[in-house]
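Inspection log for the structure reproduced underneath, given as structure tokens.
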Amino acid sequence: MAAEKPLKLCFAGFELDEANARLSHDGRPVALQPRALALLCELARQPGRLLSKEALLDAVWGHRHVSESALKTAVSALRQALGDDPRQARFIETAARQGYRFIGLPVLPPTNHPLIGRGSALQQLQRAWQRSLTGRQLVWITGEAGIGKTCLLEAFITECTDTLCVRGQCLEHFGSGEPYLPWLELLGELSRRDGQFVSLLRTVAPMWLLQLPWLCAAGEHETLRSACGGANSQRMLREMAELLARYSSQRRLLLVLEDLHWCDTASLRLLEYLARRREPAQLLLLCSLRAGELLDSGHPLASVRHDLNLRGLSEEVALQAFSLDEVTEYLARRHPRLQAGDEMARLLFQRSGGLPLFVESLAGDLHASGTRPDWPLPGDLDGLLRRQVEHLGGEARAMLEVASVCGAEFRVGVLAAVLGRDEARLQSACQALTSGHGWLVAQELVALSDGTLEGRFAFRHALYRQVFYLHLDAVRRAQLHRAVAAVLLAKGLPMAAELAGHFEQGKDLPAAVEQLAHAAEGAFERFAPLQALQFVRHALGLLEQLGNPECLAEKQLDLLLKGAVASAQLHGMASNQASDFYALAQALAERMPDSAQLGWGLAGIAQVRYGRGEYQAARRLSERVAELADRLAEPALDIAACHLGGMVCAVLGEHERGRQLLERGIELGQALAERLPRQRFMVDPLVTMLGHLALHLLPLGLFEQASGLAEAALVRAQELAQPVSLVVATRCAGMLDLLLGRDVVRVARRADELAHLHSCYGLPQAAGAWRILSGWVMAQTGEPAAGYACIREGGATLQRLGMLAGHVQMLAFAAEALLLGVQQEAALALIEEAEVLALRLGERARLPELWLLRARAALASGDHDSAEHWLRQALAEACGQGAPGTQLLALLALSRLPEPAADDIAALRSLCRTLPPAAQVPVLCEAQALTES
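For the sequence shown, the residue numbers in the working numbering are 410 to 1342.
Rendered as structure tokens:
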């Protein structure tokens, strides 16, 4: 981290200047020994915090062997210099036998240009700044346009000489803003100001580094993209919180977010998340906003701000208009030659309503005229600004009108291209407009890809931009929006959301829809599904305005599928929200000619149906996808059909058919290799097919082959380094270990790996699988009650995602935990619930497992006849399904009965001879040992 700056602060008339080793009082130096001065700096650096005697001796005397008497002597010297009474301490407080704390509230040095009417607001910010030494602070600076929020911020930032301040600007867009734009601006500035910051970013917040590709090393961006694939927005929030906590633990940090009333929803969610975190952070967040506009627009920031204030997690500095006395003071300080008693001040106050920007503009206008106003002043700021616009030359006015269409900030190159003027001359013209009245403010230069530099400017106030923008007639405004969009596209500077806004204002709605689709893709890249969904909904609304023309049907289908993916990420793959989007996509696709887009839509709907346990509907859809893939000769669609069809067949108890489909899908996937369109699959299809085929081979008794496939799925997922693929492969491997009866420690290790993936990437499906496996391990190792609770919690996690697939098996695991806890009645009730659900869904593959559990419960109760009945039911069902692996379990249980039938033992012996050998599978080894004894 960058070194901390020397301390410089004021308190109660004293000024402490560490860089110059000087303490003064009312401007006069105070004599103080170096050790005493160093001690004062150490205490004042952390006001209100108790510093132990040992810490102070180490910090001031540098670990030398000195006694506490040296510290006491220095404290006494300090108190004498400060005139402090230890019995009624004002500056240095003693904590008996522990240490000392500095209790004199430091105030920052006064600004060279003191603000008028903002003294209490500045003091409130200073107090928040001091509190940030011991914990994060969030302060809202609110007020209407022109009230002086930016001036207050500038004054406060100028005073903060002992910290690093970075700023992010929320910009007014004609459409929705890009996700996290002000936060990315903050990170970019931090990386420029501190050379070590990128290293911390790389270690702690790789998902944020992914959004700043120019900071990545060669080849790093693609590696990060793969490593972060499938992660969710929650991880983005956690990474930023950890990043700021780590950084501010070494250096105090002041973050400023301006014009938050224009912020995007992803940025707002992050701000709320940071405000609710409680871990230590030397961090002050200042956010300026127009509170009135929040209420008018229904912006979600209004409720967030209210809730945080109510809970004491933020405070507010609400700026009011100038009083008459403050207008008088303003004139006296800034325009003394306009003073003529109170008459001028009263006139300005009446005309301006005390709004500082209005006062400044009126006073500046009167000052420039050099005469007393004998003409009527405009009654509102808009009128005044329009009159000032009229004083501009025609060329400058035309330039600012086009600039207002570009936005609150604009690039000179874009402006020059729209106007057809020389860029260098335009740069000079813009620079000239930063002086005098100051319509513009120069921004940091932009380095273009070819190495050249381009100037950037911003309107000094949003109202300035508005007056030029509204001066344009509707036709000219629309034409300019189209021209700006065309230049942005031609220059390769497209920010899709901004382009969409320009096209929409230019009444080119098809182009706006196209850009909104791109903006949704960009939001997915930034792990902001809510923002992506907003872009999708807005684009669909524009299509409705167009009457959903046939020529844009494919674009509409694309948007519906994007909406489904965003809803799946927000609410779960099997959620009602995702299902609704997919249903609309299917209805639209039915009216369209056969296309790959139609096939992917049907495949997505089939996946939702499978997750919701609607297996027959999923089967019909997968068969349609297979037919379409065959007609279109689309092998990737064929893979999707094989994957879904194989999983459906296996859960319905059609094991051999399921095996054939999954094996065909794997073969096709391996043939496509790198040409596999991974963007069409939420999880790598080869990982999912290998993992699920491993589980579906168990009923077929192909134990060793299943183990090999599970290992292959893990290897591929690790090579891809995709979190979601790793979750699928690890869950399948863990379930395989569990069902094969392998060492409990091995299953526990899989559960730990899933817990780690959940912790790192915030994947809810990882949380569900981790808790189910962990609960099973607990139940097997003497904690059945805790295990049962953990299994049910895992099942509830998956149900919240809309998942019903797998619920029967979860109930079976929970029932087994109850049996281990000798709760037969509760276990039987759960088994019955699972049976009813399995029969309703058609999950016949689970029935033998449930009946084996019924037999186990009967045996525990001493009812051998009932146990034999359920075992024979399980055996008959397994035979009907053609599942020799499941038959093995039923025959083994029958052969363990107190009085086993000779036919059952003979059948078990015969079955063992037909199954492929599997030396590492306990159940097969036990069966072989029992039949050979």
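Where is the CB? At the ideal position from N, CA and C, for every residue including glycine.
The continuous alpha helix (DSSP H) containing Q1025 extends over residues Y1024 to L1041. DSSP assignment within the segment 454-487 yields the following whole alpha helix (DSSP H) runs of 4 residues or more, N-terminal first: 462-470. Shown here, D1312 sits in a helix according to DSSP, grouped into three states. Between the beta-carbon of G1211 and that of G1020 there is about 6 Å, and that keeps the pair under the 8 Å contact cut. The Cβ atoms of L580 and W671 lie closer than 8 Å to each other. Between the segment 977-997 and the segment 1183-1203 there are fewer than three inter-stretch CB-CB distances shorter than 8 Å, so the stretches are not counted as touching.
Nearest Cα to E1072 within the set V1092, L1061, L1106 and T674: L1106. By DSSP's assignment, R865 forms a beta bridge with R820. In the three-state DSSP reduction, I566 falls in the helix class (H, G or I). If you draw a straight line from the Cα of R1318 to the Cα of H1064, it comes to about 23 Å.
With contacts defined as CB atoms closer than 8 Å, A899 and G915 fail to qualify as a contacting pair. Per DSSP, reduced to three states, the secondary structure at Q888 is helical. When the beta-carbon positions are compared, L1182 and L1147 come within less than 8 Å of each other. For I1048, the enclosing alpha helix (DSSP H) begins and ends at P1044 to V1060.
Per DSSP, Y1019 is not a residue of any beta strand (DSSP E); the alpha helix (DSSP H) it occupies stretches across A1005 to G1020. By the neighbour-count criterion, in which a residue is buried when 16 or more other Cβ atoms sit within 10 angstroms of its Cβ, Q620 is buried. Going by DSSP, E424 is part of the beta strand (DSSP E) stretching over F423 to D426.
Straight-line measurement puts the Cα of G721 at about 39 Å from the Cα of A430. Relative to E738, the option among L719, V768, M645 and G802 whose CA is nearest is V768. The DSSP-derived three-state label of G910 is helix.
When secondary structure is reduced to three states using DSSP, S433 falls in the strand class. Residue pairing of G577 in beta bridges, as defined by DSSP: L666. Cβ-Cβ distances below 8 Å link P1044 to A1038, L1077, A1080 and L1081 in the same chain, with the five nearest sequence neighbours on each side left out; the list follows chain order. Rounded to the nearest whole angstrom, the CA to CA distance from V821 to V827 is 10 Å. Given a length threshold of 4 residues, each whole run of the alpha helix (DSSP H) inside the segment 1191-1248 is given here in chain order: 1193-1209 and 1216-1229. Between L881 and E810, the CB-CB gap stays under 8 Å. Taking C-beta separations shorter than 7 Å and ignoring five residues to either side along the sequence, the partners of M1144 in its chain run L1104, following chain order. Secondary structure at E1113: helix, using DSSP grouped into helix, strand and coil. Rounded to the nearest angstrom, the Cβ distance from R510 to A504 is 7 Å, consistent with a contact under 8 Å. With contacts defined as CB atoms closer than 8 Å, L1284 and A1269 fail to qualify as a contacting pair. Closest by C-alpha distance to L1248, out of S770, V922, Q532 and V1217, is V1217.
About 6 Å separates the Cβ atoms of D673 and Q940, confirming a contact at the 8 Å cut-off. In this structure, the straight-line span from the alpha carbon of V974 to that of A987 is close to 7 Å. Taking 8 Å as the cut-off, the beta carbon of L624 is found no closer than this to the beta carbon of L662.
DSSP places A505 outside both helix and strand once states are collapsed to three, so it counts as coil.
Note on the segment 581-613: whole alpha helix (DSSP H) runs with a minimum of 4 residues are 590-602 and 606-613, in chain order.
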